[in-house]
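Structure first, commentary second.
2 protein chains.
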Amino acid sequence: MEGRAGDRHERSGRERSEPASVGPHVVRFVTARTVLAALRGGGPYTVTELVERTGLTRATVIAVCEDLVSRGWAEEQDPERAGPQRGRPPRSFGFRADAGVVVGLDIGAHKTTALVADLRGKILATASGGLPRGRQSAAARLDVVSSVALAALQNAGRGPRDVVSVGAGVAAPVDRNGHVAEGSGFWEMFDVGLAAALFDRHGWHVLLENDANLAALAEQWRGAAQGLDDVAVLLAGERLGGGIIESGRLLRGRNGAAGELAFLRLVDGAVGPHGIAQLAREWGADAAAQPKGLGGLAPADVTAEAVFAAADDGDPAAAAVLHRLEDRMARVVAVLSTLLNPELVVLGGAIAPAAARLLPGIRAALPELTETPAEIEVSELGGEAVALGAVRRALDDVAERSLEIALPAANNQAR
Amino acid sequence: MEGRAGDRHERSGRERSEPASVGPHVVRFVTARTVLAALRGGGPYTVTELVERTGLTRATVIAVCEDLVSRGWAEEQDPERAGPQRGRPPRSFGFRADAGVVVGLDIGAHKTTALVADLRGKILATASGGLPRGRQSAAARLDVVSSVALAALQNAGRGPRDVVSVGAGVAAPVDRNGHVAEGSGFWEMFDVGLAAALFDRHGWHVLLENDANLAALAEQWRGAAQGLDDVAVLLAGERLGGGIIESGRLLRGRNGAAGELAFLRLVDGAVGPHGIAQLAREWGADAAAQPKGLGGLAPADVTAEAVFAAADDGDPAAAAVLHRLEDRMARVVAVLSTLLNPELVVLGGAIAPAAARLLPGIRAALPELTETPAEIEVSELGGEAVALGAVRRALDDVAERSLEIALPAANNQAR
DNA sequence: GGAGATAATTTAGAATCTAAATATAGCTCG
DNA sequence: CGAGCTATATTTAGATTCTAAATTATCTCC
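This is the structure in structure tokens:
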């Protein structure tokens, strides 16, 4: 048996005999998606421009556009005519970026961040909320997530009904079906729980995804990796995660654990700013040639900043710590470069500020370790990378399902 | 209209305004591919069976089938009617597996192997030829490849005109466009050279690919990884290469160097049978507790077999060598498991026989090294894995292009 | 107000699918 | 041996969609 060419059935599962009903409808479906994609790509376009961009006929474009208008995805606009023009005035159609919103969620262990964006990805509002420390029931946690999302929506002046799709990132492996890998501790509650809860409460379509994967999407969308199709993103903080994009697609692996290099022996131990301090304590002892070591700090005072400062002052022990850190990072990047041959590796997460400092050292160490060294950059997206990637994920979902989605009726009417 | 169906432009790249011409023709194109895929999957089918399998209407199926017959891809067959049946006798159509052949080439440094298969992948014949040692001109090398392919064709009783597609594997990175990565030494000659030469001489459509990638395809097709969508294959011999399949797709990376772990520091040095002997020489010295070490062999007599034999005899030095080897392999598999989370890792290449011996040790070491250990198996495909994968690659190409390919006229007539 | 230009709209034609009606070939049974 | 049954093939009608060409509309310039 083949199953090779015809594997479409993302959801329908086992059934054969499904390719069914290809008819002319599908043609319309495809052309509508083509036109919609063109509209989404830029400002209002005249029909003539759309004809050029899509390669379709004038008649077809107009028919499709009117269809899209009636579904709420596009609107006809009076083009701003700069000065007198000759000929019959053209009709213009534009994408209705405000026909709905998407929500991007970054669900961390202690804090949840929500981003609300319009259908072109313009960020409209933010909100975040922390969990009080201590054990929390699943319900309490879901309540926090839900209320943070609602707060962000309110900040954006929109309501729950306006939400067309939701992306959500968690710090655990998530497989292709949106299931959290077994053995992920409390993250497992989000497996079914999150999507079900948010669907039940608000009717939202929720896509769960690994946080590092979302960070990778964000970097490719609006970060250091814009436009690149082969990228890896390291999300290093308290945890070390990786998101890998190959040929423009996220890699997930069998259980969604691809890129989960947290346990790679090569890089054991934390590598975030907290980790730097810890490494300094561990390594300071044997690396210290001077009696004072690490600028004479007491162990409790060893912080990432202190180590950097000490290194700047010429403290050899601190310099040695940074050297070893550079070496560790370089080895991680080297493994990625050799195994996956990305064009660029982006260092992100809490370590980003520190990583900028280490970049030259890492770059210098790399050629010795691999034949195909990738470029390395530090993320400039800050703390919202994951939430931003969640927005991107939701937008992709909207693009894919756009012609099946019923837009919020109110808006549909409103304009 | 003529040039409609052939509008593929897989390579045309940047141009906008290309999605063009979606018309009803495309619908036919899709349904034809669907029916052809169904036919390829199994024996002759009655129209009714095809209706069930494809979900299309009876009328459509018949129309498409007759179309396929006229193009030479299918033939109408008198179904063998077992005993009396009721109702009007059905028409049956079958895939013409003999309408053409594909060729799979394994182009090694010293030897080239060719496999000829029918359009269902049944291997019809083999041939191989070695290069005399010493420097060879590019032309001489291409001559060998060409003549080996022709010999295999002759063995199969077919001619060069019967060839519909050719897959070829080389031991160098090959990017998505079929270009050999720069810096690959003499393999670069195949970059343009091979495809051009074989096209000029015989009109063949040649797909160049990395050998380990092809081995991965072979394992997924007819080897240990049948039906799995997330697999890694290690091809270890004089060289160490890796082929990675994720979500059913080969990973290539930016320059086609994905999986090229030959230079990974973790596993430096050869790991093939030759490598075992070498490691034994290197490591024997310091691992030897007994005065005799390695069963008292002289360095020149140290072979893989000898090391295995010595270990069986209880020689601790030999056992230590094998232990370290197991550890190395385990670490490679661990890196793959952690980074890519495959379901299975297949050990192939020249090391395969030896690897079977080491498997338990590798499996035992793995859980310590990764949280998501993959299954491990040894390849059973032998020395033809790469050529077999090349056949698979060519068949995929045929499936994709089938409706644009003109089948050899002779056969077309013949039946 | 007419000529020219640009674009929208209409019309005709072709390809494709589905669905329903009709025809066909073989078997069974009285 | 012919009527009836059955499963299938073939034909026909209807709907949808595209392209291409002809027609109509609206604006500017002279």
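The listed protein sequences correspond, in order, to chains A and B. Residues 54 to 468 (the working numbering) are what the first sequence spells out, left to right. Residues 54 to 468 (the working numbering) are what the second sequence spells out, left to right. Think of the CB as a built atom: it goes at the ideal place given N, C-alpha and C, for glycine as much as any other residue.
Taking the Cα of Ala277 (chain B) as reference, the smallest distance to any Cα among B:Pro97, B:Gly401, B:Val83 and B:Glu105 is reached at B:Gly401. With the rule of 3 Cβ pairs closer than 8 Å, the segment 203-220 of chain A counts as touching the segment 257-273 of chain A.
Between Leu389 (chain A) and the set A:Lys164, A:Ala311 and A:Pro142, the nearest pair of CA atoms involves A:Ala311.
Fully contained in the segment 260-314 of chain A are the following beta strand (DSSP E) runs of length 3 or more, in chain order: 284-289 and 293-299. When DSSP assignments are scanned along the segment 194-272 of chain A, the uninterrupted stretches of beta strand (DSSP E) that are 3 or more residues long and fall wholly within it turn out to be 216-223 and 259-263. Distance from the CA atom of Ala91 (chain B) to the CA atom of Arg173 (chain B), rounded to whole angstroms, is 12 Å. In the structure shown, Glu396 (chain A) adopts coil according to DSSP, grouped into three states.
Counting of Cβ neighbours within 10 angstroms places Asn230 (chain B) among the exposed residues, the total staying below 16. Short of 8 Å from the beta carbon of Thr101 (chain B), and not among the five residues preceding or following it, lie these beta carbons of its own chain, in chain order: Arg111 and Pro143. Close CB contacts of Asp159 (chain B) within its chain, under the 6 Å cut and outside five residues either way in sequence, are with Thr166, Gly222, Val439 and Ala440 (chain order). Buried is the label assigned to Gln273 (chain B), since at least 16 other Cβ atoms lie within 10 Å of its Cβ. Residue state for Thr99 (chain A) is assigned as strand, using DSSP reduced to three classes. Asn394 (chain B) places its beta carbon less than 8 Å from that of Gly306 (chain A). Between Leu121 (chain B) and Leu89 (chain B), the C-beta gap is smaller than 8 Å, which places the two residues in contact.
Across the set B:Ala371, B:Ala427 and B:Leu314, the C-alpha of B:Leu314 shows the shortest separation from the C-alpha of Ala224 (chain B).
In the three-state reduction of the DSSP assignment, Thr391 (chain B) falls in the helix class. By the CB criterion at 8 Å, Leu287 (chain A) and Gly295 (chain A) fall inside the cutoff.
Of all C-beta pairs linking the segment 373-385 of chain B to the segment 395-414 of chain B, three or more are shorter than 8 Å, placing the two stretches in contact. For Ile415 (chain A), the three-state secondary structure derived from DSSP is helix. Considering only B:Gly147, B:Phe148 and B:Gly161, the residue with the shortest C-alpha distance to Gly436 (chain B) is B:Gly161.
Relative to the Cα of Val385 (chain B), the nearest Cα in the group B:Val360, B:Leu419 and B:Ala371 belongs to B:Leu419. Of all residues in the segment 122-149 of chain A, none has a C-beta nearer than 7 Å to a C-beta of chain B. With respect to the 8 Å criterion, Leu184 (chain B) and Val201 (chain B) are not classified as neighbours on the basis of their beta carbons.
At a Cβ-Cβ threshold of 8 Å, Gly96 (chain B) and Gly147 (chain B) count as neighbours. Under the 8 Å criterion on CB atoms, Asn263 (chain A) is classed as non-interfacial with respect to chain B.
A distance below 8 Å separates the beta carbons of Leu392 (chain B) and Leu392 (chain A). Under DSSP, Gln189 (chain B) takes part in no beta bridge, so it has no partner. Pro395 (chain A) belongs to the set of residues whose beta carbon lies under 8 Å from a beta carbon in chain B. Ala311 (chain B) has a beta carbon lying within less than 8 Å of a beta carbon in chain A.
Contact note: Asn308 (chain A) reaches chain B through Asn394 and Thr425, using a C-beta cutoff of 7 Å and chain order. Assigned with DSSP and collapsed to three states, Glu430 (chain B) falls in strand. With respect to chain A, the C-beta atom of Val388 (chain B) has a partner C-beta closer than 8 Å.
Ala249 (chain B) is classed as exposed because its beta carbon has fewer than 16 other beta carbons within 10 Å across all chains shown.
Of all residues in the segment 268-290 of chain B, only Asp283 come within less than 7 Å of chain A when Cβ atoms are compared, listed by chain position. DSSP links Ala178 (chain A) through a beta bridge to A:Val169.
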